[in-house]
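Notes to accompany the following structure.
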Amino acid sequence: ENIIPKYTKGNRRAPSKEYQEYQKLISRHTYRKDWDIVAKLKKDVQKIPSKDTNDPNFRRCYFIRYADDWLIGFSGSKEEAETIKQDITDFLNKELNLTLSQEKTLITHARTQYARFLGYDIHVLHSDTKHDSRGQRSINGAIGLRVPQDIMRNKMREYMRAGKPIHRPERTINSEFDIISQFQAEFRGFAQYYMLAYNVHQINDVKRIVELSLVKTLANKYKTTVNKIYKKYKAKRKVKGKDKELTVLQVTVEREKKKPLVAYFGGVELKHQKKAQIEDIPAKIYSKRNELITRLLNDRCELCGSDDRVQMHHVKKLKDLRKEGKEKAAWVRRMIEIKRKTLAVCHDCHVKIHAGTYDGKKIR
124 ENIIPKYTKG
134 NRRAPSKEYQ
144 EYQKLISRHT
154 YRKDWDIVAK
164 LKKDVQKIPS
174 KDTNDPNFRR
184 CYFIRYADDW
194 LIGFSGSKEE
204 AETIKQDITD
214 FLNKELNLTL
224 SQEKTLITHA
234 RTQYARFLGY
244 DIHVLHSDTK
254 HDSRGQRSIN
264 GAIGLRVPQD
274 IMRNKMREYM
284 RAGKPIHRPE
294 RTINSEFDII
304 SQFQAEFRGF
314 AQYYMLAYNV
324 HQINDVKRIV
334 ELSLVKTLAN
344 KYKTTVNKIY
354 KKYKAKRKVK
364 GKDKELTVLQ
374 VTVEREKKKP
384 LVAYFGGVEL
394 KHQKKAQIED
404 IPAKIYSKRN
414 ELITRLLNDR
424 CELCGSDDRV
434 QMHHVKKLKD
444 LRKEGKEKAA
454 WVRRMIEIKR
464 KTLAVCHDCH
474 VKIHAGTYDG
484 KKIR
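Be aware that the sequence shown starts at 124, since it is given in our numbering, and climbs by one per residue.
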C-alpha cells in the first residue's frame, strides 16, 4: 500500500520534443503544398512516440493479486523497478518473516518480453502500422493477453504420442455420449479460459488434435475407420446468441416424452472477447462405464427428486469437499457419500448451490 503512492506521480507524460518538431515541419510543408515531403514526414513521424517515454516527472504503478500470484505493472526505469523489488523483499522479510524468491520474481520489459501471470502471457502491445479511424496509432501502450505457446503445446501432448494424435483406450469402455462429453468438457474448459487472449484463434490447433484423438477413440471403440466416425457424428450447431453455425461431432440420446440428451464436441467460437467471463475452474466430467448417461436418463435430482431441467453439477476435487470446517451442506454430504465429483441436480438446486444459498432439502 506504500509502494503505489510512492511510485505514482504526474498527470500525463510530457510531449515528445522530436514529435513536435516533425509536426511543425508537416505544417510548414503543408502550407507550401509540398505534398511529397508531407507524405514522407507523416510516414516517418509514425515511428516516433508522441509522448516522452522517459519523462522523469511521470510514473505509474499498479498491483494485482490472485491467491499467491501477484503482478506489479510499473512505468519507469529498470533501476526504479529494482528498487521496488528490494522494497518488497524487505517488507516481506521484516513484517511477515517471509523470503521472496529471487529466481521466480522477475523484472520483465513489457514491450519486448512476456510476463507469465495466471497462465497468460502479458505484454505491452506496439505497432506503428495499426491505425484507428482518425489515422492515429491505435494499440501502442495497450496491455495484450496471449495464450502461451508452450501451454498449447503441452495441452496437445496430452492427446498425442510420437508427435501424432492417438486414441484414449481407457475411455473406450464408456458410452459414446460419455466419451464425447468428456472430450468436450476438457477442450471447452481450456478454450473458455483463454477467451481474453487476442490470439485465442490459435487454439484451433489444439482443437484439431483433441478432435482427432476423440475420433480415433470412437473408431477404436467400434472397430471402424476415422472417416466413418466423421460421417456418423458430424452435425451443425448454432452459436448461442448469433446467427452462425459451427461444425460439431454430436450424439443424441432419445428419451420418452422428454427432450433428447445431446452431447457434442466443438461449437466453441474461438474469437477474442474483451469482456469474456472466465471460469477459473472449468467443468470436467468423470464417469465409469455408462454411469453418467444412466444418471442423466434417470432424469431425477439426486437431492430433492425433482425432474425439472436436470443437469450435472461438477467439482474439481472430491478431497476439497472433505476439508474440516463448518457444517457441510446436504449436497456436499451427498457427493462425499456417493464418492463422485458429479451430482445430478434440478435447475433450482443447481442455482442455489452456485449461489451458496442451498437450503439443505431432505435428501431422497
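Ideal placement from N, C-alpha and C gives every residue a C-beta, glycine not left out.
Nothing here was measured: the structure is a model prediction, and the numbers come from that model.
The straight-line gap separating the alpha-carbon atoms of residue 302 and residue 295 is approximately 8 angstroms. Taking 8 angstroms as the upper bound for CB-CB distance, residue 326 and residue 393 are in contact here, some 5 angstroms apart. Annotation: residue 195 is outside any alpha helix (DSSP H); the continuous beta strand (DSSP E) that includes it extends over 192-198. Here residue 291 has 336 and 340 as same chain residues with Cβ atoms under 7 angstroms from its own Cβ, once five neighbours each way along the sequence are excluded. Counting along the chain, the unbroken beta strand (DSSP E) around residue 187 starts and ends at 183-189. In the displayed model, residue 144 falls within a helix according to three-state DSSP. With a beta-carbon spacing of about 12 angstroms, residue 185 and residue 199 fall beyond the 8 angstroms limit used to define contacts. Here residue 299 is buried. Its C-beta has 16 or more other C-beta atoms within 10 Å. DSSP places residue 383 inside the beta strand (DSSP E), whose first and last residues are 381-389.
By alpha-carbon distance to residue 385, the top candidate from 391, 397, 372 and 395 is 372.
Within a 10 Å sphere around the beta-carbon of residue 305 sit 16 or more other beta-carbons, which makes this residue buried. Taking a C-beta distance under 8 angstroms as the contact criterion, residue 243 and residue 268 qualify as a contact pair. By the neighbour-count criterion, in which 16 or more other beta carbons inside 10 Å mark a residue as buried, residue 139 falls on the buried side. Pairing residue 132 with residue 181 gives a Cβ-Cβ distance under 8 angstroms. Around the Cβ of residue 463, a 10 Å sphere holds 16 or more other Cβ atoms; the residue is buried.
In the pairwise beta carbon analysis, the stretch 306-315 is classified as not touching the stretch 347-359: fewer than three pairs are separated by under 8 angstroms. If the five residues before and after residue 278 are omitted, its C-beta is found closer than 7 angstroms to the C-beta atoms of 313 and 329, all from its own chain and listed in chain order.
Inter-segment contact for the stretch 465-473 and the stretch 421-440 is present: three or more beta-carbon pairs are separated by less than 8 angstroms.
Excluding residues up to 5 positions away in sequence, 126 lie with their Cβ nearer than 7 angstroms to the Cβ of residue 210 in the same chain.
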